[in-house]
Amino acid sequence: MFQNVSDWERVASVAAGTALMVMGARQRPANRMATSAGASLIARGIAGYCPINAMLGRPSDRVNTKQALGGNRGVHVYESITINRPAAELFRFWRDFSNLPRFMEHLEDVRVTSPTRSVWTARAPVGMRVKWEADVINEIDGELIGWQSTENADVATAGSVRFVPADRDGTEIVVHLQYEPPAGKLGSLVASVFGQEPSQQIRSDLRRLKTLLEAGDVPRHLAVNSRAAGASPGLLT
1039 MFQNVSDWER
1049 VASVAAGTAL
1059 MVMGARQRPA
1069 NRMATSAGAS
1079 LIARGIAGYC
1089 PINAMLGRPS
1099 DRVNTKQALG
1109 GNRGVHVYES
1119 ITINRPAAEL
1129 FRFWRDFSNL
1139 PRFMEHLEDV
1149 RVTSPTRSVW
1159 TARAPVGMRV
1169 KWEADVINEI
1179 DGELIGWQST
1189 ENADVATAGS
1199 VRFVPADRDG
1209 TEIVVHLQYE
1219 PPAGKLGSLV
1229 ASVFGQEPSQ
1239 QIRSDLRRLK
1249 TLLEAGDVPR
1259 HLAVNSRAAG
1269 ASPGLLT
């Protein structure tokens, strides 16, 4: 049996199926329709095969990111936070994508493979993991970083972060994330069921970033000159 369901859809199927079975079992009397649908979704996710996809001749690969996320498609998340560190320092820290798992809870690893490409590994529901490649598509030193997943990635995602100077050598970080959820809007429902609503997740991630950087836990080679930044050298490690 060949696989015709993408990795993201497999994750979504197992997660949604588990949620349906739990909700169905909790009802009195038990909701057989919900538990049956849940079992089918779990089987679909584990096998990676969908007979409907096979009948329609649908491949497992996604369309390219531009098609998937063009216009207002997908889910958009906007969040911002002000951090008491210079913009240039925050830019350097973020631009090294391997730093992102230090404060982004859902990310397990980001491996930088070239000046513009990186491989991202994220934690997904029920212990699964999802991996995709992303390219930097826009960059203004000290001001802006933009990225998007590569064509035919299982995860169609894009994002940008702006670094806006604020009062007293602080910086407002403005994040815009966009992604196509697994199995369409079902992905947002699954995320909510498991307590990981996107805006709340990013808000928490940014608070962790603020704590991390204001405490001074920044590698010295990523920090700007302490005199220019107005920072105490003792804060840098």
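Reading the sequence shown from the start, the letters are residues 1039 to 1275 in the numbering used here. All C-beta atoms in this analysis are idealised placements derived from N, C-alpha and C, irrespective of residue type, glycine included. This structure is a prediction, so every number in the text was calculated from the model and none was measured.
Expected contact under 8 angstroms - CB spacing of leucine 1251 and leucine 1145 to nearest Å: Counting from 1 along the sequence shown, the entry for residue 1251 is found at position 213. Counting from 1 along the sequence shown, the entry for residue 1145 is found at position 107. Wrong, their Cβ atoms sit about 17 angstroms apart, outside the cutoff.
Residue from Val1202, Lys1169, Gly1197 with nearest C-alpha to aspartate 1179: As a first step, residue 1179 must be located in the sequence shown, where it is residue number 141. Checking every option, the nearest Cα to that of aspartate 1179 belongs to Val1202.
Neighbourhood of glycine 1095 by C-beta distance below 6 angstroms, restricted to the same chain and skipping five residues each side: Within the sequence shown, the letter at position 57 stands for residue 1095. Confidence at glycine 1095 is low in this model, with a pLDDT of 47, below 50, so the placement of that residue is unreliable and no value is reported for it.
Local conformation of arginine 1123 per DSSP, three classes: Here residue 1123 refers to the residue found at position 85 when the sequence shown is read from its first residue. Arginine 1123 falls in the coil class under three-state DSSP.
Straight-line gap, alanine 1172 to threonine 1154 (C-alpha atoms, nearest Å): What you label residue 1172 is simply residue 134 of the sequence shown in a count that begins at 1. What you label residue 1154 is simply residue 116 of the sequence shown in a count that begins at 1. As the crow flies, the alpha-carbon of alanine 1172 is around 8 angstroms from that of threonine 1154.
6 angstroms Cβ shell around tyrosine 1116 - same chain, five flanking residues per side excluded: The residue you call residue 1116 lines up with position 78 of the sequence shown. If we look at tyrosine 1116 and ignore the five residues flanking it on each side, its Cβ neighbours are His1214.
Boundaries (first-last residue) of the beta strand (DSSP E) holding proline 1203: As a first step, residue 1203 is located in the sequence shown; it is residue number 165 there, counting from the start. Per DSSP, proline 1203 belongs to the beta strand (DSSP E) from 1195 to 1203.
Sequence-distant residues of its chain with Cβ nearer than 8 angstroms to glutamine 1105 (five each side left out): Taking the sequence shown and counting its residues from 1, one reaches residue 1105 at position 67. Since pLDDT at glutamine 1105 reaches only 46, below the 50 mark, its modelled position is unreliable, and the value read off the structure follows with that caveat. Around glutamine 1105: no qualifying Cβ.
Three-state secondary structure assigned by DSSP to asparagine 1137: Taking the sequence shown and counting its residues from 1, the one referred to as residue 1137 is at position 99. In the three-state DSSP reduction, asparagine 1137 falls in the helix class (H, G or I).
Whole-number beta carbon distance between tryptophan 1185 and valine 1174, since they are thought to touch under 8 angstroms: Sequence index remark: in the sequence shown, residue 1174 carries index 136 (1-based). Sequence index remark: in the sequence shown, residue 1185 carries index 147 (1-based). At roughly 5 angstroms, the Cβ-Cβ gap stays under 8 angstroms, so valine 1174 and tryptophan 1185 are in contact.
Local conformation of alanine 1057 per DSSP, three classes: Your numbering for residue 1057 matches position 19 in the sequence shown. Three-state DSSP puts alanine 1057 in a helix.
Limits of the beta strand (DSSP E) - the one that threonine 1249 falls within: As a working mapping, residue 1249 is identified with position 211 in the sequence shown. Secondary structure note for threonine 1249: it is in no beta strand (DSSP E), and the uninterrupted alpha helix (DSSP H) holding it is 1236 to 1252.
Distance CB(threonine 1209)-CB(arginine 1123) smaller than 9 angstroms: Counting from 1 along the sequence shown, the entry for residue 1209 is found at position 171. Counting from 1 along the sequence shown, the entry for residue 1123 is found at position 85. The criterion of a C-beta distance shorter than 9 angstroms is satisfied by threonine 1209 and arginine 1123.
Euclidean distance between Cα positions of glycine 1197 and leucine 1182: Translated into the one-based positions of the sequence shown, residue 1197 becomes position 159. Translated into the one-based positions of the sequence shown, residue 1182 becomes position 144. Computed Cα separation, rounded: 11 angstroms.
Alanine 1172 in three-state terms, based on DSSP: Here residue 1172 corresponds to residue number 134 of the sequence shown, with the count starting at 1. Judged by DSSP in its simplified three-state form, alanine 1172 adopts strand.
Rounded separation between alanine 1057 and arginine 1064 - CA only: The count along the sequence shown starts at 1 and reaches residue 1057 at position 19. The count along the sequence shown starts at 1 and reaches residue 1064 at position 26. Their Cα atoms are separated by approximately 11 angstroms.
Contact set for leucine 1138: own chain, Cβ-Cβ below 6 angstroms, skip 5 residues either direction: For the purposes of this step, residue 1138 is identified with residue 100 of the sequence shown, where counting begins at 1. Correct list, in chain order: Leu1145, Val1148.
Proximity test, Cβ basis, 9 angstroms: alanine 1172 and chain D: Absent from the structure: chain D. Only one protein chain is present.
Length of the line joining the Cα atoms of threonine 1188 and serine 1152: Numbered from 1 along the sequence shown, position 150 holds the residue referred to as residue 1188. Numbered from 1 along the sequence shown, position 114 holds the residue referred to as residue 1152. Threonine 1188 and serine 1152: Cα-Cα distance of roughly 14 angstroms.
Histidine 1144, enclosing beta strand (DSSP E) - first and last residue: Counting from one through the sequence shown, the residue named residue 1144 turns up at place 106. Neither: histidine 1144 is in no beta strand (DSSP E) and is coded neither H nor E.
Spatially closest choice to glutamate 1143 from Thr1249, Ala1054, Ile1240, Ala1077, by CA coordinates: Taking the sequence shown and counting its residues from 1, the one referred to as residue 1143 is at position 105. Among Thr1249, Ala1054, Ile1240, Ala1077, the Cα nearest to that of glutamate 1143 is on Ile1240.
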